[in-house]
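Just remember that my numbering sits 13 ahead of the position in the sequence shown, which is counted from 1.
Input: a single structure, listed below in structure tokens.
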Amino acid sequence: MDSDGTPEARGTHANPVPRPAGAPEVPAVPPNGPGEPPGGRSAPPGGPAVPPRPTRAPGAPPMPDGSSFMTWLRTPRPDAAPGVWRFGHRPRPAEEPEEIPTRQLLSGALIAFLVGWLIWSLLQNGYLGNWWWVPFDLIIPDAWRGGDSDLGETGTFIVYQGYELLVALGIMVGVARLGRWGEVWRRFVAPRFRRPEPQTAHRDPQDDPAQWNELRAAGAVDAAERLAAEARSGLMRDVDHARILRAWQGVRTGRHSLATFSSTVLRDGAAACLHPSGERDLPARLARHDLVTGQVRLGTTVDDTRNPYAYRGTGLGLGPDLLGTSLVAVGPAGSGKTGTVVRPLAESLCLHALAGRAAVVVVGGAGAGLGPADAYDVVVRIGNQDSEYDLDLYGGTADPDEAAAVLAEALVGDLADPHPGSDTRRSTTVLAQLLGPFRAVHGRFPSVPELRQLLDGAPGPFAALRQGLQDSGQESLLRELDARERQMGQPGDVGGVLADRVALLDRPAFASFFDTSGATRPFTLKALDHPVRVRIDLPERGHADASRMLARLVLAQFSASVAVREDRSLFACLVLDDATGVVTPEGVRGIQRLRSGNAGVVLTLRTLDDVARPLRGPLLGATGCRMALSGVTPWDGQDFAEVWGKEWTEARDVTDRQIIAETPAGKAVHMLRRVITGKAPTARAVTVRQVERERWSASELAHGVPAGHAVLSLTDVKGEHAPPLLVDLRG
């Protein structure tokens, strides 16, 4: 711990922001990188029906009252199936109730009324006899009958009319049940008089999240009062609430002391435990977010018979519980992968990072629309000479074998066939034979030009490296170098292939990047131990092969880094806007291991043809969330149809057969019916049977998904899953 009580770890990229003297302690959000000083950009809560969102210029004063924030915070969020947008959700039955068609319901109610009216008229006029007066005669005393009864004429009239009213009510009850008048009332009359229900219900103070009762129960009453007052006065927003809850979790797990937490909250209020960048919100939001549940809304599940009834018409929300199983989205250019899927997810993960819950790395082409630069802590613009940050080619590791494995996956992972003992393993050995000796002599790994010369077998660098090893007495590493020299030029040697791939990075556009001398500020994915927001822009224009190679490098480094993280309570996510050429056998195995490390990836593809045929099934099997957007090809649809499998469904076969009349009268009736209707008399037979059919066929996925829609299946980290859902991404 530093003298001010903050953790010593400040990330692994260069020149982290120093904490000013007297700055508030951050018990649950350790510093991770450069950014603005505390007290930066602010934004008020949003409207009452959506989570708070920035609606004013950065630095504008907060709203004078916290009614909108309190409304948002107290909105019910009931437990729901995976993917259901829980903010204000009203659960529906699992099965669709059998609903009588409107025409049949109204006609039945009218006919029942007419039948009741007819029965009452017949009784009143004596056409059905006087038997219905028998109960009256048996119950009523004789003294109450006649005009000279003890009750008088008025009393007798009331008694007789009362009995008739009881009979009429009995008939009405019977015909009401027969005609389903109650259903008519519920469907057509009651909704016109129903008042809109408020978004929030009256809460018990013990269950009110705005009261911070967990803090009160733990003895931090003053801190709870300060936070409740900040919320009521409009000084708190959704990111503040989530960030302070994250800090409180650190207190509950024993990682931080209650006294430190309480003193920080009492001093800074809603601004306590700030992210090291000093930001309390993003500069702008395009999607709807709910940081209480951790969800971002991607659209609305269509009210379609192919969707389960419980999902129809509900919002679709994704959060770390679903992204922890990874997501692959496939759709052609213009189908909305970046705008409706990647951008909202990246925005949500950045908000989670500000709340101290997540670390996110977003990778895409320059100008891909992945969010403004000031929404991230680190922006690496590879190939742009104005980039403030560089990318560490070796992932920040000091182990030559680990660096060789990651680099080999990036260089030739796409050339390896999906079997053990492929080119990636041989390439790892070749690189390790060079990286180990070089680091032993120079204390660093080689730069791109130096590595290319070594792989090409240039005499000068090899001789200098050998001399350095001999001078330092590194006999074991000298044997490694000798083995590399013997293999050069032999059949099957992959050194030439590696050199050709490294040459893609040894270009003038990348001359100032991948520096290992310490002259630049390299970013390494070892920083994922902290809630950092990173965007990496790839130079796709003119350097497509290099961009794909760098994307594979980032994926390999991400998989290796999250596996050795110390704090796995922090969700880590890698978002690859275009995964063309990135999916390799080792990459698929790395994706399979992410779930156990509280991490996940989001991959988008224009078509599954961008993935080698043997890897398509393993890729779809390794990801728990699979999305097919509008416009996929039938071949892509077939792969999705296979992974989604089949289900038992009820099939109804209807057959019409012509009725043959045998009597002259019957033939005459049939002839008359044919003249009137123009059709022969038929009898309809319905056969109901259970059959197994594909949930979504390849043809339906290719031609039946409207524009702006997608079919999405979900699996959360607990193993609960949702079947393929037709979703309107614009809703």
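Backbone N, C-alpha and C define an ideal beta-carbon position, used for all residues, glycine too.
* Asked: Would DSSP call residue 286 helix, strand or coil?
  -> Here the question's residue 286 lines up with position 273 in the sequence shown. The answer is coil: DSSP assigns residue 286 none of H, G, I, E or B.
* Nearest-angstrom Cα distance between residue 459 and residue 533? -> Numbered from 1 along the sequence shown, position 446 holds the residue referred to as residue 459. Numbered from 1 along the sequence shown, position 520 holds the residue referred to as residue 533. Cα to Cα, residue 459 sits roughly 15 Å from residue 533.
* In three-state terms, what does DSSP make of residue 377? -> In the sequence shown, residue 377 corresponds to position 364, counting from 1. In the structure shown, residue 377 sits in a strand (DSSP, three-state: E or B).
* Where DSSP assigns a beta bridge to residue 610, which residues make up the other side? -> Start at 1 with the first residue of the sequence shown, and residue 610 comes out as number 597. Answer by DSSP bridge pairing: none, since residue 610 is not bridged.
* **Whole-angstrom C-beta distance between residue 393 and residue 826, which should lie under 8 Å** => The structure shown does not extend to residue 826, since the chain is modelled only from 14 through 744, so no value can be given for it.
* To do: Would you please state the rounded distance, in angstroms, between the beta carbons of residue 742 and residue 311? I believe it to be under 8 Å.
  => Counted from its first residue, the sequence shown places residue 742 at position 729. Counted from its first residue, the sequence shown places residue 311 at position 298. The pair is a contact, with the Cβ atoms about 6 Å apart (cut-off 8 Å).
* **residue 69 - DSSP class collapsed to helix/strand/coil** => Within the sequence shown, residue 69 is the residue found at index 56, counting from 1. Residue placement at residue 69 cannot be trusted, given a pLDDT of 40 that sits under 50; the coordinates are not used to answer.
* Report the three-state DSSP secondary structure of residue 624 (helix, strand or coil). => For the purposes of this step, residue 624 is taken as residue 611 along the sequence shown, with counting starting at 1. Residue state, collapsed to three classes: coil.
* Asked: Could you give the C-beta distance for residue 233 and residue 271, rounded to a whole number, given that I count them as a contact under 8 Å?
  -> The residue given as residue 233 occupies position 220 in the sequence shown. The residue given as residue 271 occupies position 258 in the sequence shown. Yes, they are in contact, since the Cβ atoms of residue 233 and residue 271 sit about 6 Å apart, within 8 Å.
* By how many angstroms is the C-alpha of residue 363 removed from the C-alpha of residue 725? -> Within the sequence shown, the letter at position 712 stands for residue 725. Within the sequence shown, the letter at position 350 stands for residue 363. Between residue 725 and residue 363, the C-alpha separation is close to 23 Å.
* Asked: Using the C-alpha atoms, what's the distance from residue 620 back to residue 646?
  -> Here residue 646 is taken as the residue at index 633 of the sequence shown, counted from 1. Here residue 620 is taken as the residue at index 607 of the sequence shown, counted from 1. Spanning the two alpha carbons is a distance of roughly 8 Å.
* Asked: What does DSSP give as the partner residues of residue 584 in its beta bridges?
  -> Looking up residue 584 in the sequence shown gives position 571. DSSP output for residue 584 lists 371 as bridge partner(s).
* Asked: For the beta strand (DSSP E) that contains residue 663, what are its first and last residues?
  -> As a first step, residue 663 must be located in the sequence shown, where it is residue number 650. Looking at the DSSP string, the run of the beta strand (DSSP E) that includes residue 663 is 659–671.
* Asked: What separation, rounded to the nearest whole angstrom, lies between the Cα atoms of residue 344 and residue 284?
  -> Here residue 344 is taken as the residue at index 331 of the sequence shown, counted from 1. Here residue 284 is taken as the residue at index 271 of the sequence shown, counted from 1. Approximately 42 Å, taken between the alpha carbons.
* Which residues in the same chain as residue 617 place their Cβ atom closer than 8 Å to its Cβ, once the five residues preceding and following it in sequence are excluded? -> The sequence position of residue 617 within the sequence shown is 604, counting from 1. The answer, listed in chain order, is 341, 342, 343, 344, 350, 351, 354, 355, 589, 590, 591 and 592.
* Asked: If we count Cβ pairs, one from each stretch, closer than 8 Å, do we get three or more for the region 682–698 versus the region 640–657?
  -> no
* Asked: Would you call the region 454–470 and the region 525–544 in contact, with 3 or more CB pairs under 8 Å?
  -> yes
* Asked: Out of 439, 173 and 337, which has the shortest C-alpha to C-alpha gap to residue 154?
  -> If you number the sequence shown from 1, residue 154 lands on position 141. When only C-alpha atoms are compared, the closest one is 173.
* Looking only at C-alpha atoms, which of 427, 257 and 358 sits nearest to residue 566? -> Reading the sequence shown from its first residue, position 553 is the one you call residue 566. Taking only the C-alpha atoms, the option nearest residue 566 is 427.
* Asked: Can you name the start and end residues of the alpha helix (DSSP H) that residue 87 belongs to?
  -> In the sequence shown, the residue the question calls residue 87 occupies position 74. Unbroken alpha helix (DSSP H) run through residue 87: 80–87.
* To do: With a 10 Å radius around its C-beta and 16 neighbouring C-beta atoms as the bar for buried, classify residue 673 as buried or exposed.
  => Counted from its first residue, the sequence shown places residue 673 at position 660. Answer is exposed; the Cβ neighbour count stays below 16.
* Could I get the ranges of all uninterrupted alpha helix (DSSP H) runs contained in the region 96–181, with 4 residues as the minimum, in chain order? => 115–137 and 147–152
* Cα separation between residue 70 and residue 573? -> The residue given as residue 70 occupies position 57 in the sequence shown. The residue given as residue 573 occupies position 560 in the sequence shown. The pLDDT assigned to residue 70 is 34, lower than 50, so where the model puts this residue is not dependable, and the model offers no usable value.
* Asked: Just how far apart, CA to CA, sit residue 205 and residue 722?
  -> As a working mapping, residue 205 is identified with position 192 in the sequence shown. As a working mapping, residue 722 is identified with position 709 in the sequence shown. Each residue's Cα considered, the two are about 33 Å apart.
* Can you give the Cα-Cα distance for residue 347 and residue 378, rounded to whole angstroms? -> Counted from its first residue, the sequence shown places residue 347 at position 334. Counted from its first residue, the sequence shown places residue 378 at position 365. If I take the Cα positions, the gap works out to 15 Å.
* Bridge partners - residue 749, DSSP secondary structure assignment -> Here the chain has residues from 14 to 744 only, and residue 749 is not among them.
* **CA-to-CA distance, residue 461 to residue 523, given in whole angstroms** => As a working mapping, residue 523 is identified with position 510 in the sequence shown. As a working mapping, residue 461 is identified with position 448 in the sequence shown. Near 9 Å, if we compare the C-alpha coordinates of residue 461 and residue 523.
* Asked: Are the Cβ atoms of residue 357 and residue 300 separated by less than 8 Å?
  -> In the sequence shown, counting from the first residue as 1, residue 357 sits at position 344. In the sequence shown, counting from the first residue as 1, residue 300 sits at position 287. Taking 8 Å as the Cβ cut-off, residue 357 and residue 300 qualify as a contacting pair.
* **Proximity below 8 Å, CB of residue 96 to CB of residue 735** => By 1-based counting over the sequence shown, the position of residue 96 is 83. By 1-based counting over the sequence shown, the position of residue 735 is 722. Yes.
* Asked: Whose C-beta lies closer than 7 Å to the C-beta of residue 185 among residues of the same chain, with five residues either side of it excluded?
  -> By 1-based counting over the sequence shown, the position of residue 185 is 172. Correct list, in chain order: 129.
* To do: Kindly provide the ranges of any alpha helix (DSSP H) runs that are 4 or more residues long and lie completely inside the region 493–559, ordered along the chain.
  => 508–516
* To do: Count the other C-beta atoms from every protein chain shown that fall within 10 angstroms of the C-beta of residue 82, then say buried if there are 16 or more, exposed otherwise.
  => Here residue 82 corresponds to residue number 69 of the sequence shown, with the count starting at 1. Under this definition residue 82 is a buried residue.
* Asked: So what does DSSP say about residue 328, is it helix, strand or coil?
  -> Here residue 328 refers to the residue found at position 315 when the sequence shown is read from its first residue. Note: residue 328 maps to strand in three-state DSSP.
* Provide the residue span of the beta strand (DSSP E) that contains residue 735, from first to last. => Position 722 of the sequence shown, counted from the first residue, corresponds to residue 735. Run containing residue 735: 734–741, per the beta strand (DSSP E) assignment.
* **Backbone secondary structure at residue 312 - three-state DSSP** => Working through the sequence shown from its first residue, we reach residue 312 at position 299. It is a strand residue.
* Consult DSSP for residue 424 and reduce its assignment to one of helix, strand or coil. => Within the sequence shown, the letter at position 411 stands for residue 424. Helix at residue 424.
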